[in-house]
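Below is one structure, written out as structure tokens, with a few remarks after it.
Number of protein chains: 2
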Amino acid sequence: MSDTTRTNRTAALLDAIDEARLWRRHMDLGAIGATPKGGVNRQALSPEEARGRRLIADWAKELGFTLTVDPVGNLFIRREGTEPNLDPVVTGSHIDSQPTGGKFDGAYGVLAGFEVLEALERAGIETRRPLVVAAWLNEEGSRFMPGCSGSAAFTGKISEADALDIQDRDGIVARDCLPEMIAATPEAEQIGLGFPIHAYIENHIEQGPRLEEAELPVGVVTSIQGMHRYEIDVRGDEAHAGTTPIALRKDAFKSAIDIAKALEELMHDPDDVIRFTIGRFETKPGSPNVVPGHVHFTIDFRHPDQDLLMDRGGRIEEVAKAHAGPCDVKVKRISAGAPVAFPDEMVATVRAAAEEAGHPYMEMPSGAGHDAGLLAPVCPVAMIFVPCEKGISHNEAENALPGDLHKGTQVLGLALMKLAG
Amino acid sequence: MSDTTRTNRTAALLDAIDEARLWRRHMDLGAIGATPKGGVNRQALSPEEARGRRLIADWAKELGFTLTVDPVGNLFIRREGTEPNLDPVVTGSHIDSQPTGGKFDGAYGVLAGFEVLEALERAGIETRRPLVVAAWLNEEGSRFMPGCSGSAAFTGKISEADALDIQDRDGIVARDCLPEMIAATPEAEQIGLGFPIHAYIENHIEQGPRLEEAELPVGVVTSIQGMHRYEIDVRGDEAHAGTTPIALRKDAFKSAIDIAKALEELMHDPDDVIRFTIGRFETKPGSPNVVPGHVHFTIDFRHPDQDLLMDRGGRIEEVAKAHAGPCDVKVKRISAGAPVAFPDEMVATVRAAAEEAGHPYMEMPSGAGHDAGLLAPVCPVAMIFVPCEKGISHNEAENALPGDLHKGTQVLGLALMKLAG
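So the protein lines, in turn, are chains A and B.
Residue numbering for the first sequence follows our numbering, beginning at 80 and increasing consecutively.
Residue numbering for the second sequence follows our numbering, beginning at 80 and increasing consecutively.
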């Protein structure tokens, strides 16, 4: 391939990546599970997710791309390469959302990948390697905990059974919801779990304020911070709110908030790098005139340094027990995702693509976890961030600019074309 | 009526009140909505409550008692008096339960009243005044807040529309559940709201530990402490748990527990007479990796002194606002039930009945609220307590002794017979 051909292909691809089409697709997908406040509620394995997959499958059909689905419900859209037996280059993200989520978290990675495939197709540009857009199942983990179960099963971090046996809060099992997902795209060939990947790049909104503050359209992601998850159970005794003296109560709520306050102190960080969040806190039986007998809460704890995560996290149980008062407390660590550093050559590829596309960028770590972190042990990975308004995410007010989404997709396109040859 | 006749009637009634039958009825009613841990979940206006009403109606039918139901769903069982136009003497309580409630709370008052009617019937004892057993709707207020809506509407404290328009947490309106309740007892004549009552006595388990500790089977209740209810809304901003620095968060959970701790301090009482309970505490959206944007919680605040309730309760809002951090907080008082003192002559009637039945007793205030408190403005009221195991109530482990239930019913029987003439 001559330098001229390369330059022509680059220019053709940059031209073919269509800002208006990309934005429209975000709006079309965002209409499925749309909430009154402008966000989406399209939780994993819901009828809304099934409808979202159907919509994307329809677009794929029009362009002649092929679909496959694996046993845990990950969906793949494939544009064939000139050497079909080579390992594919994969991009993508997820289309499940938080219960009060936004239109861009996850969706952008899938739609940016799709836009690159469509632009290549419309521009008549062939690649040696096949290109695949993945929509990983259950990244969010808001309905089925823990999240990233689709990519975790794909890479063998958890078993197929583990991915299928997770339950939501109503006791509904993922396995029982899966047929509806599969049925949404009957044309998708069912394949086995996992396949070799040449390289993986995931586009995503930053979900933080740094790019917007720096007025840069692109973030070249160098790593993902570690994330540990805990579940805490506090058990006391239900009692009548009108008759039981405070001294005789075993009030699970009172103990649980003492524990929560003590954990806030344990996790206090003058540099504000530790991310410590109690996002779910359930008080039972939840009746105004009954002293609570049971509280269940979650801890989401992140930091770029695995040693700090292990040390500080290892003290959660002792602190909880010391502040449980008359109640019993159980602490369970349910995941301990280590920080992930992306390979230098992948970071360099994305950086070069940003320069070639002419979009200013900064290098940055990812504060959020992503499917890319799960893929990292099995293939070289990278990520591309674009700004989101005020850094707001996991929120119905989540927003991004069409121009930024477009620029990030152009960088993705050049990087994928390079990797796919 | 000669002294001899009176003594004969007393002896005949005491004999006719049947301990085994009364216990069996508690077990039969407790089987409806039974929970695995031995309690009941028979919440207001549920299919379980409808089945409970049907069961009691069947018993009433066998004995020839008549049934009526009013527009808000209060159910009445009437044994006619020799002078049917006199105002009736009423007894009763409620058969709705907490979601994890016991077999005796409420049910005992209805079944004790029914046992007195049955004993009078079987012993062939007539009374001048009609005797009525009331099953008041929605005493607990665990599903539909606030509770005692049936007796409150009966006495005109709230309007019929207010009682019917209350919603549960799923937005289900009481009005829409009522037809199922009414349909459970089609033989019940529909009557207007409210009728004159000559006197009202309610039997209930103590729901506290005092009678058991004193080894006394009967409590002669002199008053009901005041109960004020508040709802607190804390609003912040949802944000991503992995990317949002603590300093930039408006974490509604963090603010809400700071408020809760400050309110605990405000309500601290070295004498342990104040009853302060946060029983419902809802964190939204409730996803482990989303900083909570909204917390809603309830306060149940009781004391025998209305001035203390007003003064201390009046400071809740300022304390909440002072500890809300970056969040907004709204405080709403939703009820302010004043303490109720029972008329001396009613207390004396119950005391005399306990002495006549030969059951040792103590006089005591009620820590819990009851329908009797709502009836107090419209007629003379009294209450009779019996011990419950370890004072445990609003709990599936709630328990009482057949002998104590029987003794309390004997006291009720003599008091009702005296009042009904």
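Beta carbons: idealized from backbone N, C-alpha and C, even for Gly.
Cβ pair Ile276 of chain B, Val148 of chain B closer than 8 Å: no
Residue-chain proximity (Phe360 of chain A, chain B), Cβ-Cβ < 8 Å: Taking 8 Å as the threshold, the shortest C-beta distance from Phe360 of chain A to chain B falls below it.
Alpha-carbon spacing of Val313 of chain B relative to Glu396 of chain A, whole angstroms: 28 Å
Alpha helix (DSSP H) segment containing Ser228 of chain B, residue limits: 228-233
Limits of the alpha helix (DSSP H) - the one that Ser334 of chain B falls within: 331-345
Beta-carbon separation (whole angstroms), Met306 of chain B vs Gly321 of chain A, contact threshold 8 Å: 7 Å
Cross-strand partners of Asp407 of chain B (DSSP beta bridge): B:Arg314
Close Cβ partners of Leu134 of chain A (< 8 Å) along its chain, the five nearest in sequence each way excluded: Asp107, Leu108, Ile111
Inter-stretch contact at 8 Å, needing at least 3 Cβ pairs: the region 335-348 of chain A / the region 295-302 of chain A: No, because fewer than three Cβ pairs between the region 335-348 of chain A and the region 295-302 of chain A fall closer than 8 Å, the two stretches do not touch.
Alpha-carbon spacing of Arg412 of chain A relative to Asp384 of chain B, whole angstroms: 47 Å
Residues near Pro439 of chain B by beta carbon distance below 6 Å, same chain, minus five either side: Cβ within range, chain order: Leu295.
Alpha-carbon to alpha-carbon, His382 of chain A and Asp351 of chain A: The straight-line gap separating the alpha-carbon atoms of Asp351 of chain A and His382 of chain A is approximately 10 Å.
Sub-8 Å separation of Cys467 of chain B and Gln286 of chain B beta-carbons: yes
Per-residue burial, Ser472 of chain A [other beta carbons within 10 Å of its own, 16 or more giving buried]: Counting Cβ neighbours within 10 Å, Ser472 of chain A comes out buried, since at least 16 surround it.
Neighbour flag for Ser81 of chain B against chain A, beta carbons, 8 Å: Because Ser81 of chain B sits at a pLDDT of 48, beneath the cut-off of 50, its placement in the model cannot be relied upon, and the following sentence gives the value as read from the coordinates. Answer no: the Cβ-Cβ gap between Ser81 of chain B and chain A never drops below 8 Å.
Neighbour-count burial assignment, Lys400 of chain A, 16 or more Cβ in a 10 Å radius: exposed
Any chain B beta carbon closer than 8 Å to His473 of chain A: Yes, its Cβ sits closer than 8 Å to a Cβ of chain B.
Leu498 of chain B and Val195 of chain B closer than 8 Å at C-beta: Taking 8 Å as the Cβ cut-off, Leu498 of chain B and Val195 of chain B do not qualify as a contacting pair.
Option in B:Asp423, B:His347, B:Gly160, B:Arg157 with minimal Cα separation from Phe380 of chain B: B:His347
Phe332 of chain B: contacting residues in chain A (beta-carbon distance under 7 Å): Ile357, Phe360
Residue-level contact to chain B via CB, Ile237 of chain A, 8 Å cutoff: no
Rounded straight-line distance, which links the Cα of His402 of chain A to that of Glu128 of chain A: Their backbone Cα atoms lie some 42 Å apart in a straight line.
Listed by chain order, chain A residues near Glu317 of chain B by CB distance under 7 Å: Per Cβ cutoff of 7 Å: Thr179, His473, Asn474.
Interface partners of Ala447 of chain A on chain B, CB under 7 Å: His319, Gly321, Thr322
Within 8 Å, strictly: CB atoms of Leu92 of chain A and Leu484 of chain A: Not closer than 8 Å, so no.
Backbone CA spacing between Ser125 of chain B and Cys256 of chain B [nearest angstrom]: Going from the Cα of Ser125 of chain B to the Cα of Cys256 of chain B covers about 8 Å.
Contact between the region 218-231 of chain B and the region 443-463 of chain B (3+ Cβ pairs under 8 Å): Segments in contact, yes.
Thr301 of chain A: contacting residues in chain B (beta-carbon distance under 7 Å): None at all; the shortest Cβ gap to chain B is about 15 Å.
Contact with chain B by Lys116 of chain A, beta-carbon distance below 8 Å: Output row for Lys116 of chain A: interface = no.
For Met462 of chain B, three-class secondary structure by DSSP: strand
Selection from B:Phe144, B:Ile353, B:Val426, B:His373 that minimises the alpha carbon distance to Gly358 of chain A: When each option's Cα is compared against that of Gly358 of chain A, the closest is B:His373.
Within 8 Å, strictly: CB atoms of Thr170 of chain A and Val212 of chain A: Taking 8 Å as the Cβ cut-off, Thr170 of chain A and Val212 of chain A qualify as a contacting pair.
Any 3 or more C-beta pairs closer than 8 Å across the region 262-282 of chain A and the region 161-168 of chain A: yes
Element boundaries [beta strand (DSSP E), containing Val169 of chain B]: 168-172
Inter-residue Cα distance where the pair is Ser81 of chain B and Arg208 of chain B: Note that Ser81 of chain B scores a pLDDT of 48, beneath 50, so its modelled location is shaky; the value from the coordinates is reported in the next line. Approximately 19 Å, taken between the alpha carbons.
Paired residues, beta bridge with Gln246 of chain A - DSSP: A:Val252
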